[in-house]
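Here's the structure, in structure tokens; my notes come after.
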Amino acid sequence: MKVEELMTANPVTLNLSDKIQKLVELYLKHKIGSVVIVDNSKEPVQIITLRDLPKIFFLQPPPKNISETLERLFKNKKSLITISFEKSFSEALNLMKQFNISHLPVINKNKKLSGILSLKDIIKKFPEIIYIDPLTGVHNRAYLDFLKTKLKRLKSSTAVLMIDLDNFKHLNDIYGHLIGDSILKKSAQTLRNNIKAPDDIIRYGGEEFVVIAYRCNFIESKKLGERLRKSIEKIKFKNIPELKITVSIGIAPYETKEDISEAIQKADKAMYKAKMLGKNRVEIWE
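Following this line, the structure appears as structure tokens:
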């Protein structure tokens with residue numbers, strides 16, 4: 001899902017020359033959480049959120065206009081964080097998490113203000129967003145608690161796969177965190193593309209993923225594990241052709257009488273065995 005599909009178009013804006021009184025009037029009139037400040041070319045230069053208002057009111061002497069307010073209020077603040085309308089929803093969430101912001105201006109190809117993303121509005125539209133990992137776009141570990149009721153009602157075979165990226169910390173040290181993030185994102189997307197639509201994928205830890213495969217028996221789970229292993233092996237990086245990614249996978253059955261954490265522990269032990277036997281392989285819990 002793209003940012004353009006989720007943003008609020010035509011956000012409330014002010015110019016640098018506008019008076020502070022106009023800022024207050026906008027908040028009272030529109031009941032909004034932020035106002036984007038734009039320059040004469042309509043490029044966003046800063047954002048004033050509702051929580052900034054008390055700080056503005058206590059500035060002495062009172063600022064004459066928005067430009068002076070920004071100079072005094074944000075003198076030690078880094079440049080405005082924005083996102084392109086073409087970027088993915090998960091990239092937007094990752095920025096919000098990384099910079100601890102709840103309002104994100106959206107720009108078009110010409111760097112003009114196109115819209116705004118508000119975390120509050122996103123949660124209203126998609127309450128399940130609290131279960132999404134911002135970096136990879138798959139479910140986060142908290143999603144397991146949400147799944148427990150559903151899992152207890154299952155009547156068909158279910159397999160749990162613990163998937164760990166081999167040598168990830170080493171690769172992260174060699175190529176840097178940006179490439180490390182790219183590895184995680186590509187791996188998550190590859191796994192998602194190679195499981196059934198109803199199946200769940202969860203980022204369980206730093207470089208660990210859990211796949212819960214429904215209607216999947218012992219034989220099918222082994223085939224699935226091998227398919228996922230081979231699909232990860234095919235990941236390529238255009239600018240780093242020598243970079244190769246592999247995974248070790250452990251598989252365990254899920255029984256409805258047990259907690260999902262028990263099945264994950266079994267799959268984790270099987271994954272550890274795969275590591276001990278040379279990595280880039282699939283092992284079944286016994």
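Reading the sequence shown from the start, the letters are residues 1 to 286 in full-length UniProt numbering.
Heads up, the beta-carbon is just placed ideally off N, CA and C, and yes, glycines get one too.
Remember, predicted model here, so these are calculated numbers, not experimental data.
CA-CA distance, residue i and residue j?
i	j	result
residue 14	residue 86	24 Å
residue 196	residue 3	26 Å
residue 140	residue 39	39 Å
residue 26	residue 18	12 Å
residue 6	residue 102	14 Å
residue 133	residue 213	19 Å
residue 11	residue 35	7 Å
residue 268	residue 89	30 Å
residue 94	residue 68	31 Å
residue 237	residue 245	10 Å
residue 41	residue 23	20 Å
residue 177	residue 165	15 Å
residue 114	residue 46	14 Å
residue 54	residue 74	14 Å
residue 215	residue 149	17 Å
residue 275	residue 286	16 Å
Does the beta-carbon distance from residue i to residue j come in below 8 Å?
i	j	result
residue 224	residue 209	no
residue 127	residue 116	no
residue 72	residue 63	yes
residue 152	residue 256	yes
residue 270	residue 258	no
residue 123	residue 142	no
residue 66	residue 28	no
Out of the options, which has the shortest C-alpha to C-alpha gap to residue i?
i	options	result
residue 199	178, 157 and 238	157
residue 81	249, 97 and 50	97
residue 44	83, 64, 55 and 145	83
residue 217	184, 193, 201 and 254	254
residue 202	93, 145 and 166	145
residue 136	92, 72, 257 and 23	92
residue 248	235, 273, 264 and 262	273
residue 186	228, 219, 162 and 149	228
residue 263	276, 211, 219 and 233	211
residue 99	107, 77, 113 and 108	77
residue 281	120, 170, 233 and 75	233
residue 243	171, 181 and 184	171
Assuming residue i and residue j form a contact by the criterion Cβ under 8 Å, report the distance between their Cβ atoms to the nearest whole angstrom.
i	j	result
residue 20	residue 37	Their Cβ separation, rounded to whole angstroms, is 12 Å, which puts residue 20 and residue 37 out of contact at 8 Å.
residue 252	residue 160	5 Å
residue 231	residue 194	5 Å
residue 207	residue 168	4 Å
residue 250	residue 162	5 Å
residue 147	residue 260	7 Å
residue 240	residue 175	7 Å
residue 120	residue 205	At roughly 29 Å, the Cβ-Cβ gap does not stay under 8 Å, so residue 120 and residue 205 are not in contact.
Take the Cβ of residue i as the centre, count every other Cβ of all protein chains shown within 10 Å, and call the residue buried at 16 or more, exposed below.
i	result
residue 60	exposed
residue 173	exposed
residue 111	exposed
residue 51	exposed
residue 79	exposed
residue 266	buried
residue 219	exposed
Taking 7 Å as the cut-off, is the C-beta of residue i nearer than that to any heavy atom in the ligand COA?
i	result
residue 134	With respect to the ligand COA, the structure shown offers nothing to examine, as it has no ligands at all.
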